[in-house]
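S.K.: Residue numbers (this note's numbering), protein chains in the order written: chain C, 545 to 877; chain E, 545 to 877.
We treat Cβ as the ideally placed atom computed from N, Cα and C, and that holds for glycine.
Computed from a predicted structure; not experimentally measured.
So that we are looking at the same thing, I have put the structure below in structure tokens.
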């Protein structure tokens with residue numbers, strides 16, 4: 545295992561410390577228990593949004609804390625859900641009386657722990673609504689999931705819901721936006737290499753030198769199949785076909801195309817993936833009205849990428865374009 | 545070699561195609577010869593800035609084309625300087641009569657080819673000034689360089705010079721800013737793994753399982769020494785000591801701290817590096833007034849990082865804060 549770390553058991557705490565120091569204009573971190581909040585939290589009158597989950601997917605979620613997106617993020621241990629305690633603490637830290645939306649990726653541990661935290665917060669008089677994301681079309685159930693997994697589409701849910709909260713929508717309205725994005729986004733990924741969880745010290749799965757995993761999960765959990773390495777355009781076809789068919793997006797519709805790097809893949813390769821994915825959409829008469837290329841939901845140093853397609857309506861396009869000011873996503877402000 | 549590419553010889557063209565398609569609101573690409581310009585180039589009355597060099601360092605340079613930074617970027621083949629022809633074409637495409645600044649990383653091929661292009665542009669009546677960046681303190685001469693190498697500090701030169709040009713400075717003034725940043729920034733990097741140039745198909749150098757290279761170049765060219773893998777904080781100490789001693793920055797001064805990922809290193813690790821680097825500065829009584837953490841000058845999928853420290857004065861701080869709107873760096877607009 546070759547990593548720029550100190551003690552493998554300190555990686556989350558030390559990374560959060562560095563993150564908070566680098567972005568002290570935008571966020572502050574708490575450590576007992578560990579979570580990250582907007583520097584100006586709680587924001588009076590605004591619905592607050594909390595997300596979180598296992599670490600190792602950076603910038604998800606802490607990188608999206610700030611104006612126009614999340615009010616707090618709760619990083620668990622690497623690839624492991626945070627317990628209810630920090631989720632509750634984060635929820636209380638950001639609640640300004642207008643209610644709190646929990647955005648939860650669909651993994652058994654996350655769903656359970658966010659539920660418990662929501663119940664505890666409700667018991668303290670905080671109005672909490674939860675939206676669970678499950679945009680990954682690759683597999684129905686998996687290693688850590690009943691139902692589909694929440695992956696990179698979660699970032700689009702967080703951006704749209706965050707913009708809705710920032711413009712003053714009610715908790716019910718913000719939750720509706722989050723659900724609408726989740727219902728209209730599909731994702732599928734590919735891994736070229738495994739990743740190494742620091743405290744494990746060994747690759748989480750094995751791939752031969754000429755083998756890739758289609759439909760990989762963001763924790764390295766199995767996807768649909770291992771196939772021989774092939775040209776990028778053919779790999780993109782393998783990801784786009786199930787995404788588009790499951791989304792049932794049609795000629796004449798608008799889409800946001802997100803090409804996400806898994807952490808260890810050069811930007812050059814992500815643009816080669818984007819190039820063909822955009823062509824596939826154009827060939828179907830679907831307009832790529834918005835796009836994003838970069839590492840938004842990673843899997844440590846895994847090489848690979850995922851492709852997300854979000855069906856856009858006018859409101860979702862406006863919410864995507866709305867000002868955002870977070871460590872990882874920033875525009876219009 | 546495991547990469548998301550098609551034919552290894554098409555990687556630059558296809559990546560630039562994807563890049564231009566993803567960012568068509570900001571840039572357009574030309575392909576015969578290949579370069580990327582601001583969508584609104586030439587910008588009337590403004591000094592234009594052109595940079596470029598071998599591909600494989602993305603987002604450098606094309607990712608920094610846009611408002612407040614570069615007017616054009618010229619990507620050569622992977623790790624190979626562009627020829628004078630595309631540099632001249634880019635220079636002509638962005639010239640608006642106020643002159644053109646070439647920002648050139650100090651590698652023999654780049655310096656030579658930009659010089660030739662500048663001479664040809666001058667012969668056509670375009671006023672060109674060149675600033676060569678050489679921020680890497682690791683080695684004096686190296687595989688492709690006489691003198692020090694230009695590395696991640698180049699991004700800070702491009703940001704400040706771009707902001708100066710955007711506010712209306714003359715060519716001489718913009719060049720002075722670029723030189724001032726270069727004179728006040730120092731960088732040193734470390735590699736944990738080598739990278740594979742697509743058309744070569746083999747790692748560019750070898751590192752044992754427990755070995756890292758201190759002072760690595762961004763093409764994998766040798767640094768100061770290979771040492772055994774150790775804790776991140778100790779590695780950071782090895783990078784910070786020569787950077788700070790060469791920069792001769794003193795107690796009471798302000799700095800911009802840039803932690804740059806080499807391409808394959810998770811963001812989590814970059815923040816662990818940032819954490820200790822910021823502590824080293826604080827311990828010396830140097831204020832980290834600005835910071836940036838992310839992949840700005842990469843080396844394909846190499847795992848590793850570099851640390852740059854820029855001595856800030858009031859004007860350089862203002863130029864860093866000034867609005868920028870490029871694919872890879874965006875704020876205030």
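In terms of residues, what are the limits of the alpha helix (DSSP H) holding residue 814 of chain E?
M.R.: Residues 811–827.
S.K.: Taking just the CA atoms, how far does residue 569 of chain E sit from residue 729 of chain C?
M.R.: If you take the alpha carbons of residue 729 of chain C and residue 569 of chain E, they lie about 23 Å apart.
S.K.: Return yes when the Cβ of residue 594 of chain E is within less than 9 Å of the Cβ of residue 664 of chain E, no when it is not.
M.R.: In this structure, residue 594 of chain E does not lie closer than 9 Å to residue 664 of chain E by Cβ.
S.K.: Name the residue from C:804, C:812, C:691 whose alpha carbon lies nearest to the alpha carbon of residue 607 of chain E.
M.R.: Of the candidates C:804, C:812, C:691, the one whose C-alpha sits nearest the C-alpha of residue 607 of chain E is C:812.
S.K.: Between residue 794 of chain E and residue 702 of chain E, what straight-line distance do the alpha-carbon atoms span, to the nearest angstrom?
M.R.: About 25 Å.
S.K.: Return yes when the Cβ of residue 802 of chain E is within less than 9 Å of the Cβ of residue 696 of chain E, no when it is not.
M.R.: A contact, by the Cβ cut-off of 9 Å.
S.K.: In chain E, what lies closer than 8 Å to residue 863 of chain C by C-beta?
M.R.: By Cβ distance, chain E contributes nothing, its closest Cβ being about 18 Å from residue 863 of chain C, past 8 Å.
S.K.: Could you check which residue in C:717, C:774, C:642, C:551 has the C-alpha nearest to that of residue 589 of chain C?
M.R.: The shortest Cα separation from residue 589 of chain C among C:717, C:774, C:642, C:551 belongs to C:642.
S.K.: Judging by CA-CA distance, which residue of E:716, E:677, E:577, E:574 is the nearest neighbour of residue 592 of chain E?
M.R.: Answer by Cα proximity: E:716.
S.K.: Comparing alpha-carbon positions, which option in C:634, C:638, C:620, C:636 lies nearest residue 651 of chain C?
M.R.: For residue 651 of chain C, the nearest C-alpha among the options comes from C:620.
S.K.: Using a cut-off of 7 Å between C-beta atoms, extract the partners of residue 558 of chain C located in chain E.
M.R.: Those within 7 Å of residue 558 of chain C in chain E are 816, 819.
S.K.: According to DSSP, is residue 655 of chain E part of a helix, a strand, or is it coil?
M.R.: In this structure, residue 655 of chain E counts as helix in the three-state DSSP scheme.
S.K.: List in chain order: all unbroken alpha helix (DSSP H) runs of 4+ residues lying wholly within the stretch 581–658 of chain E.
M.R.: The stretch 581–658 of chain E contains these whole alpha helix (DSSP H) runs: 628–638.
S.K.: Taking a cut of 8 Å between CB atoms, which residues from the stretch 771–800 of chain C lie near chain A?
M.R.: Absence of chain A from the displayed structure is noted, the protein chains being C and E.
S.K.: For the candidate residues E:725, E:772, E:852, E:750, whose alpha-carbon lies nearest to that of residue 784 of chain E?
M.R.: Per the Cα distances, E:852.
S.K.: Check each residue of the stretch 555–586 of chain E: if its Cβ is closer than 7 Å to any Cβ of chain C, include it; give the result in chain order.
M.R.: So the list reads 555, 558, 559, 561, 562, 563, 565, 566, given in the order they occur along the chain.
S.K.: Taking the C-alpha atoms as reference points, what is the distance between residue 886 of chain C and residue 666 of chain C?
M.R.: Within the shown structure, residues of chain C are numbered from 545 to 877, placing residue 886 of chain C beyond reach of any answer.
S.K.: Taking the C-alpha atoms as reference points, what is the distance between residue 891 of chain C and residue 836 of chain E?
M.R.: Any property of residue 891 of chain C remains undetermined from this structure, which presents chain C solely from 545 to 877.
S.K.: Compute the beta-carbon to beta-carbon distance between residue 807 of chain C and residue 810 of chain E, rounded to the nearest angstrom, for a pair I have assumed lies under 8 Å.
M.R.: Their Cβ separation, rounded to whole angstroms, is 5 Å, which keeps residue 807 of chain C and residue 810 of chain E in contact under 8 Å.
S.K.: Return the chain-ordered list of same chain residues with a C-beta closer than 6 Å to the C-beta of residue 723 of chain E, the five sequence neighbours on each side being excluded.
M.R.: Same-chain partners within the cutoff: 675.
S.K.: Please check the pair residue 579 of chain E and residue 633 of chain E, which I expect to be a contact at CB under 8 Å, by giving their CB distance rounded to whole angstroms.
M.R.: That belief holds up - the Cβ atoms of residue 579 of chain E and residue 633 of chain E are roughly 6 Å apart, short of 8 Å.
S.K.: With C-beta atoms as the reference, is residue 556 of chain E less than 9 Å away from residue 599 of chain E?
M.R.: Cβ atoms of residue 556 of chain E and residue 599 of chain E: closer than 9 Å.
S.K.: I think residue 735 of chain E touches residue 846 of chain E, with their Cβ atoms under 8 Å apart; what is that distance to the nearest whole Å?
M.R.: About 6 Å; that satisfies the 8 Å criterion.
S.K.: Secondary structure at residue 765 of chain E, three-state DSSP: helix, strand or coil?
M.R.: It is coil, neither helix nor strand.
S.K.: I think residue 552 of chain C touches residue 763 of chain C, with their Cβ atoms under 8 Å apart; what is that distance to the nearest whole Å?
M.R.: That pair is no contact at about 17 Å.
S.K.: For a contact meaning CB atoms closer than 9 Å, what does residue 808 of chain E contact in chain C?
M.R.: Here the neighbours are 807, 808, 809, 810, 845, 847.
S.K.: Thinking C-alpha only, which one of E:610, E:577, E:585 is nearest residue 871 of chain E?
M.R.: Nearest C-alpha to residue 871 of chain E: E:610.
S.K.: With a threshold of 16 other CB atoms inside 10 Å of the CB of residue 850 of chain E, please say whether the residue is buried or exposed.
M.R.: Per the 10 Å Cβ criterion, buried.
S.K.: Output the boundary residues of the beta strand (DSSP E) element that contains residue 573 of chain E.
M.R.: Unbroken beta strand (DSSP E) run through residue 573 of chain E: 571–575.
S.K.: Between residue 822 of chain C and chain E, is there a C-beta pair that is closer than 9 Å?
M.R.: Yes, residue 822 of chain C lies at the interface with chain E (some Cβ there is under 9 Å from its Cβ).
S.K.: Who are the near neighbours of residue 787 of chain C in its chain, counting only those whose CB is closer than 8 Å to its CB and skipping five residues on each side?
M.R.: The answer, listed in chain order, is 681, 730, 731, 732, 851, 852, 853.
S.K.: For a quick check, are the C-beta atoms of residue 816 of chain C and residue 684 of chain E less than 9 Å apart?
M.R.: No; because the gap between Cβ atoms is not below 9 Å, this pair is not in contact.
S.K.: According to DSSP, what are the bridge partners of residue 834 of chain E?
M.R.: Its beta-bridge partners are E:800.
S.K.: Can you tell me the Cα-Cα spacing of residue 713 of chain C and residue 678 of chain C, whole angstroms?
M.R.: For residue 713 of chain C and residue 678 of chain C, the distance between alpha carbons rounds to 23 Å.
S.K.: Within 10 angstroms of its Cβ, does residue 769 of chain C collect 16 or more other Cβ (buried), or is it exposed?
M.R.: Flag for residue 769 of chain C reads exposed.
S.K.: Distance, Cα to Cα, residue 873 of chain E vs residue 604 of chain C?
M.R.: C-alpha separation (whole angstroms): 19 Å.
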